[in-house]
Amino acid sequence: MQPLRRILHAGVVFSVLACLPLQGSAQQTYEVSIRDYKFEPSMVQIRVGDAVRWTNNEKRTSHSVFFTGAASLESDRLFPGESWQRVFDKPGTYSYTCGPHPEMAGKIVVTE
Ligand SMILES: [Cu+2]
238 MQPLRRILHA
248 GVVFSVLACL
258 PLQGSAQQTY
268 EVSIRDYKFE
278 PSMVQIRVGD
288 AVRWTNNEKR
298 TSHSVFFTGA
308 ASLESDRLFP
318 GESWQRVFDK
328 PGTYSYTCGP
338 HPEMAGKIVV
348 TE
């Protein structure tokens with residue numbers, strides 16, 4: 238019985254390891270550029286577990302990424318050249334703006 242049990246155990250370990258690279262490659266990071274007082278693209282569709290990274294590409298204006306609504310969350314102020322990222326663990330539509338410039342608008346749509 239002992240050798241058989243060892244083979245079964247090896248099989249389970251191999252299966253678990255084989256799944257890891259697939260899970261890792263499913264997660265992606267999407268880029269949003271901040272320029273001319275706009276989020277580009279203003280709407281991004283992603284899957285649960287993906288990340289979005291915002292980069293301030295202005296010459297001298299600073300911005301933030303400010304999620305309004307129930308789970309309110311604001312990034313630090315991003316100066317030109319700086320970036321900030323967030324991972325989305327739950328499906329939903331996440332609307333955001335910029336703290337200092339409420340006329341700026343963006344949306345992240347997260348699906349399963
Ligand atoms: Cu701004």
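All residue numbers for the sequence shown refer to our numbering, where the first residue is 238 and numbers rise by one.
Backbone N, C-alpha and C fix where the C-beta goes; we use that ideal spot for every residue, glycine too.
Check	Outcome
Under the three-state DSSP convention, the category H338 falls into	coil
Own chain residues within Cβ distance below 8 Å of T348, not counting five before or after	Q282, I283, R284, V285, P328
beta-carbon P184 near ligand 1 non-hydrogen atom, thresh 8 Å	Nothing can be reported for residue 184: it is not among the residues displayed for the chain, which extend from 238 to 349.
Best match in Q265, Q264, P337 for proximity to F304 [C-alpha to C-alpha]	P337
Which of helix, strand or coil DSSP assigns to A288	strand
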